[in-house]
(Lines of atoms letter the chains of each structure in order from A; the text may use other names.)
(Lines give C-alpha, C1' and ligand atoms only; values in the text may rest on other atoms or scores of the structure.)
Protein backbone atom coordinates (compact mmCIF):
# COMPACT_ATOMS: atom_id res chain seq x y z
CA UNK A 47 0.00 0.00 0.00
CA UNK A 48 1.28 3.43 -0.87
CA UNK A 49 1.51 6.04 1.85
CA UNK A 50 1.00 9.77 1.59
CA UNK A 51 4.21 11.79 1.34
CA UNK A 52 2.70 15.26 0.92
CA UNK A 53 -0.88 16.47 1.03
CA UNK A 54 -2.48 19.87 0.63
CA UNK A 55 -6.04 20.82 1.44
CA UNK A 56 -7.98 23.80 0.05
CA UNK A 57 -4.81 25.75 -0.66
CA UNK A 58 -4.99 29.28 -2.00
CA UNK A 59 -2.03 31.41 -3.01
CA UNK A 60 -2.53 35.12 -3.61
CA UNK A 61 0.18 37.39 -5.02
CA UNK A 62 -0.42 41.08 -4.36
CA UNK A 63 -3.57 42.72 -3.05
CA UNK A 64 -6.61 44.54 -4.34
CA UNK A 65 -7.16 45.00 -8.06
CA UNK A 66 -3.49 44.21 -8.72
CA UNK A 67 -3.68 40.89 -6.90
CA UNK A 68 -3.34 37.57 -8.69
CA UNK A 69 -4.70 34.31 -7.31
CA UNK A 70 -2.23 31.67 -8.47
CA UNK A 71 -3.99 28.78 -6.72
CA UNK A 72 -7.66 28.78 -5.84
CA UNK A 73 -8.78 26.01 -3.49
CA UNK A 74 -6.46 23.17 -4.56
CA UNK A 75 -6.42 19.85 -2.70
CA UNK A 76 -3.98 17.08 -3.68
CA UNK A 77 -2.29 14.02 -2.24
CA UNK A 78 1.15 12.82 -3.36
CA UNK A 79 1.93 9.18 -2.62
CA UNK A 80 5.18 7.31 -2.24
CA UNK A 81 6.05 5.04 -5.13
CA UNK A 82 4.07 6.96 -7.72
CA UNK A 83 4.88 9.28 -10.59
CA UNK A 84 2.35 12.10 -10.63
CA UNK A 85 2.26 14.46 -13.60
CA UNK A 86 0.85 17.97 -13.35
CA UNK A 87 -0.37 19.34 -16.67
CA UNK A 88 -1.69 22.71 -17.72
CA UNK A 89 -1.09 25.73 -19.93
CA UNK A 90 1.43 28.46 -19.17
CA UNK A 91 0.26 30.60 -16.26
CA UNK A 92 -2.16 27.97 -14.96
CA UNK A 93 -0.51 27.65 -11.54
CA UNK A 94 1.60 24.51 -12.11
CA UNK A 95 4.85 25.95 -10.78
CA UNK A 96 3.14 27.57 -7.80
CA UNK A 97 1.58 24.20 -6.96
CA UNK A 98 5.00 22.54 -7.12
CA UNK A 99 6.44 25.25 -4.85
CA UNK A 100 3.67 24.62 -2.32
CA UNK A 101 4.25 20.86 -2.41
CA UNK A 102 7.98 21.42 -1.83
CA UNK A 103 7.40 23.97 0.97
CA UNK A 104 9.29 26.58 -1.03
CA UNK A 105 6.47 29.06 -0.41
CA UNK A 106 3.68 29.23 2.14
CA UNK A 107 0.01 29.19 1.16
CA UNK A 108 -2.10 32.27 1.74
CA UNK A 109 -4.71 29.92 3.21
CA UNK A 110 -5.08 26.16 3.40
CA UNK A 111 -3.24 23.25 4.99
CA UNK A 112 0.02 21.55 3.96
CA UNK A 113 1.19 18.27 5.49
CA UNK A 114 4.50 16.52 4.89
CA UNK A 115 4.81 12.91 6.02
CA UNK A 116 1.59 13.33 8.00
CA UNK A 117 2.69 16.44 9.88
CA UNK A 118 1.43 19.98 9.42
CA UNK A 119 4.10 22.41 8.23
CA UNK A 120 2.02 25.57 8.22
CA UNK A 121 3.56 26.98 11.37
CA UNK A 122 7.15 25.85 10.99
CA UNK A 123 9.86 28.50 11.21
CA UNK A 124 11.87 29.44 8.10
CA UNK A 125 14.83 27.51 9.50
CA UNK A 126 12.73 24.40 10.10
CA UNK A 127 11.32 24.63 6.58
CA UNK A 128 14.83 24.84 5.12
CA UNK A 129 15.84 21.71 7.01
CA UNK A 130 12.69 19.93 5.88
CA UNK A 131 13.44 20.77 2.25
CA UNK A 132 16.97 19.43 2.63
CA UNK A 133 15.84 16.22 4.33
CA UNK A 134 12.69 15.38 2.41
CA UNK A 135 12.84 16.83 -1.10
CA UNK A 136 14.97 16.74 -4.21
CA UNK A 137 14.37 19.43 -6.82
CA UNK A 138 14.94 19.36 -10.58
CA UNK A 139 14.24 22.40 -12.77
CA UNK A 140 14.00 23.15 -16.48
CA UNK A 141 17.28 25.03 -16.20
CA UNK A 142 19.49 22.37 -14.65
CA UNK A 143 21.30 24.87 -12.39
CA UNK A 144 24.61 23.03 -12.60
CA UNK A 145 27.68 25.00 -11.56
CA UNK A 146 29.77 25.54 -14.68
CA UNK A 147 33.14 25.39 -12.88
CA UNK A 148 32.44 22.01 -11.27
CA UNK A 149 32.72 18.62 -12.92
CA UNK A 150 29.66 16.37 -13.18
CA UNK A 151 30.46 14.34 -10.07
CA UNK A 152 31.24 17.51 -8.11
CA UNK A 153 27.84 18.95 -9.01
CA UNK A 154 26.16 15.82 -7.68
CA UNK A 155 28.31 15.90 -4.55
CA UNK A 156 27.08 19.41 -3.71
CA UNK A 157 23.91 17.98 -2.18
CA UNK A 158 25.98 15.69 0.03
CA UNK A 159 28.30 18.53 1.02
CA UNK A 160 25.28 20.43 2.36
CA UNK A 161 24.66 17.56 4.78
CA UNK A 162 28.26 17.56 5.96
CA UNK A 163 29.13 14.22 4.39
CA UNK A 164 32.85 13.59 4.10
CA UNK A 165 34.32 14.42 0.69
CA UNK A 166 35.59 10.93 -0.12
CA UNK A 167 32.18 9.40 0.68
CA UNK A 168 30.41 12.12 -1.29
CA UNK A 169 32.58 11.48 -4.33
CA UNK A 170 31.99 7.73 -4.21
CA UNK A 171 28.23 8.20 -3.87
CA UNK A 172 28.20 10.75 -6.70
CA UNK A 173 30.08 8.48 -9.08
CA UNK A 174 27.77 5.56 -8.23
CA UNK A 175 24.74 7.68 -9.07
CA UNK A 176 26.21 8.85 -12.35
CA UNK A 177 26.93 5.23 -13.22
CA UNK A 178 23.28 4.36 -12.43
CA UNK A 179 22.18 7.10 -14.83
CA UNK A 180 24.52 5.98 -17.62
CA UNK A 181 27.03 8.78 -17.12
CA UNK A 182 30.03 7.06 -15.56
CA UNK A 183 32.18 8.03 -18.55
CA UNK A 184 31.16 11.69 -18.16
CA UNK A 185 31.87 12.08 -14.44
CA UNK A 186 34.90 14.29 -15.07
CA UNK A 187 33.16 16.47 -17.67
CA UNK A 188 32.13 20.05 -17.04
CA UNK A 189 28.52 21.08 -17.84
CA UNK A 190 29.55 22.85 -21.05
CA UNK A 191 30.96 19.53 -22.29
CA UNK A 192 27.66 17.69 -21.75
CA UNK A 193 24.58 17.52 -23.95
CA UNK A 194 21.29 18.94 -22.69
CA UNK A 195 20.01 15.50 -21.80
CA UNK A 196 23.23 14.63 -19.99
CA UNK A 197 23.11 17.85 -17.97
CA UNK A 198 19.55 17.09 -16.92
CA UNK A 199 20.53 13.56 -15.88
CA UNK A 200 23.29 15.04 -13.71
CA UNK A 201 20.68 17.34 -12.15
CA UNK A 202 18.43 14.35 -11.42
CA UNK A 203 21.36 12.47 -9.87
CA UNK A 204 22.01 15.47 -7.62
CA UNK A 205 18.34 15.54 -6.57
CA UNK A 206 18.53 11.84 -5.69
CA UNK A 207 21.88 12.00 -3.87
CA UNK A 208 20.38 12.27 -0.39
CA UNK A 209 17.70 9.61 -0.97
CA UNK A 210 14.93 12.19 -0.62
CA UNK A 211 11.47 10.62 -0.32
CA UNK A 212 10.02 13.17 -2.76
CA UNK A 213 11.43 14.41 -6.10
CA UNK A 214 9.82 17.53 -7.56
CA UNK A 215 10.58 18.34 -11.20
CA UNK A 216 9.48 21.55 -12.93
CA UNK A 217 9.38 21.18 -16.74
CA UNK A 218 12.60 19.10 -16.75
CA UNK A 219 12.19 18.06 -20.40
CA UNK A 220 11.06 21.39 -21.86
CA UNK A 221 14.43 22.27 -23.39
CA UNK A 222 15.25 18.74 -24.60
CA UNK A 223 14.53 17.02 -27.88
CA UNK A 224 11.95 14.23 -27.83
CA UNK A 225 14.47 11.39 -27.47
CA UNK A 226 16.36 13.00 -24.59
CA UNK A 227 13.09 14.06 -22.97
CA UNK A 228 11.76 10.53 -23.08
CA UNK A 229 14.97 9.17 -21.57
CA UNK A 230 14.80 11.68 -18.71
CA UNK A 231 11.15 10.81 -18.09
CA UNK A 232 12.05 7.13 -17.84
CA UNK A 233 14.62 7.98 -15.16
CA UNK A 234 11.89 9.54 -13.06
CA UNK A 235 9.75 6.46 -13.59
CA UNK A 236 12.60 4.30 -12.28
CA UNK A 237 12.99 6.48 -9.19
CA UNK A 238 9.36 5.88 -8.27
CA UNK A 239 9.47 2.16 -8.99
CA UNK A 240 12.86 1.14 -7.60
CA UNK A 241 13.22 3.53 -4.68
CA UNK A 242 9.58 4.02 -3.59
CA UNK A 243 9.92 7.76 -4.07
CA UNK A 244 7.07 10.12 -4.79
CA UNK A 245 7.89 11.90 -8.04
CA UNK A 246 5.92 14.98 -9.10
CA UNK A 247 6.61 16.04 -12.67
CA UNK A 248 5.27 19.32 -14.08
CA UNK A 249 4.97 19.36 -17.87
CA UNK A 250 2.98 20.87 -20.70
CA UNK A 251 3.64 17.79 -22.88
CA UNK A 252 0.61 15.48 -22.75
CA UNK A 253 2.57 12.80 -24.63
CA UNK A 254 4.56 12.01 -21.49
CA UNK A 255 1.55 11.04 -19.36
CA UNK A 256 1.72 7.40 -20.48
CA UNK A 257 4.66 6.99 -18.10
CA UNK A 258 2.76 8.32 -15.07
CA UNK A 259 0.56 6.62 -12.50
CA UNK A 260 -1.70 9.66 -12.22
CA UNK A 261 -2.06 13.02 -13.85
CA UNK A 262 -3.85 16.18 -12.81
CA UNK A 263 -4.64 19.12 -15.05
CA UNK A 264 -4.66 22.63 -13.61
CA UNK A 265 -6.21 25.69 -15.20
CA UNK A 266 -6.62 29.16 -13.72
CA UNK A 267 -5.37 27.96 -10.36
CA UNK A 268 -7.80 25.04 -10.04
CA UNK A 269 -7.52 21.33 -10.67
CA UNK A 270 -9.97 20.65 -13.49
CA UNK A 271 -9.32 16.95 -14.02
CA UNK A 272 -7.56 14.10 -12.27
CA UNK A 273 -7.21 10.47 -13.17
CA UNK A 274 -5.11 7.41 -13.82
CA UNK A 275 -2.67 8.08 -16.61
CA UNK A 276 -2.16 4.51 -17.76
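Residue numbers (the working numbering): 47 to 276.
All C-beta atoms, glycine included, are put in the ideal place defined by N, C-alpha and C.
Model, not experiment: these values are computed from the prediction.
Give me the residue from the options with the minimum Cα distance to residue i.
i: residue 223; options: 254, 243 and 245; result: 254
i: residue 141; options: 209, 129, 267 and 194; result: 194
i: residue 215; options: 125, 118 and 97; result: 97
i: residue 146; options: 88, 190 and 73; result: 190
i: residue 166; options: 196, 152 and 201; result: 152
i: residue 243; options: 68, 207 and 265; result: 207
i: residue 233; options: 180, 89, 168 and 126; result: 180
i: residue 227; options: 212, 239 and 257; result: 257
i: residue 67; options: 108, 89, 75 and 90; result: 108
i: residue 199; options: 161, 171 and 150; result: 150
i: residue 79; options: 246, 263 and 270; result: 246
With DSSP collapsed to three states, give me the class of residue i.
i: residue 47; result: For residue 47, the predicted structure reports a pLDDT of 41, less than 50, and the residue's modelled location is therefore unreliable. The matter cannot be settled from this model.
i: residue 66; result: helix
i: residue 55; result: strand
i: residue 157; result: helix
i: residue 263; result: strand
i: residue 118; result: strand
i: residue 258; result: coil
i: residue 125; result: helix
i: residue 150; result: helix
i: residue 190; result: helix
i: residue 131; result: helix
i: residue 253; result: helix
Can you tell me where the beta strand (DSSP E) holding residue i begins and where it ends?
i: residue 272; result: 268-274
i: residue 248; result: 244-248
i: residue 86; result: 83-87
Note the first and the last residue of the continuous alpha helix (DSSP H) segment covering residue i.
i: residue 137; result: That residue, residue 137, is in no alpha helix (DSSP H); its beta strand (DSSP E) goes 135-139.
i: residue 194; result: 194-206
i: residue 227; result: 224-241
i: residue 109; result: Per DSSP, residue 109 belongs to no alpha helix (DSSP H); it is in the beta strand (DSSP E), 109-114.
i: residue 209; result: Note, residue 209: premise wrong, no alpha helix (DSSP H); not H, not E.
i: residue 166; result: 165-178
i: residue 95; result: 94-101
Quickly, what does DSSP pair residue i with across the bridge? List them, please.
i: residue 215; result: 138 and 247
i: residue 184; result: DSSP, once it has assigned bridges, lists no residue as partnering residue 184.
i: residue 72; result: 58
i: residue 79; result: 50
My understanding is that residue i touches residue j, with C-beta atoms under 8 Å, so please give their C-beta distance in whole angstroms.
i: residue 259; j: residue 77; result: That belief does not hold up - the Cβ atoms of residue 259 and residue 77 are roughly 12 Å apart, past 8 Å.
i: residue 249; j: residue 87; result: 6 Å
i: residue 52; j: residue 114; result: 5 Å
i: residue 173; j: residue 187; result: The Cβ separation is near 13 Å, so there is no contact.
i: residue 54; j: residue 100; result: 6 Å
i: residue 148; j: residue 197; result: Not a contact, Cβ separation roughly 12 Å.
i: residue 203; j: residue 175; result: 4 Å
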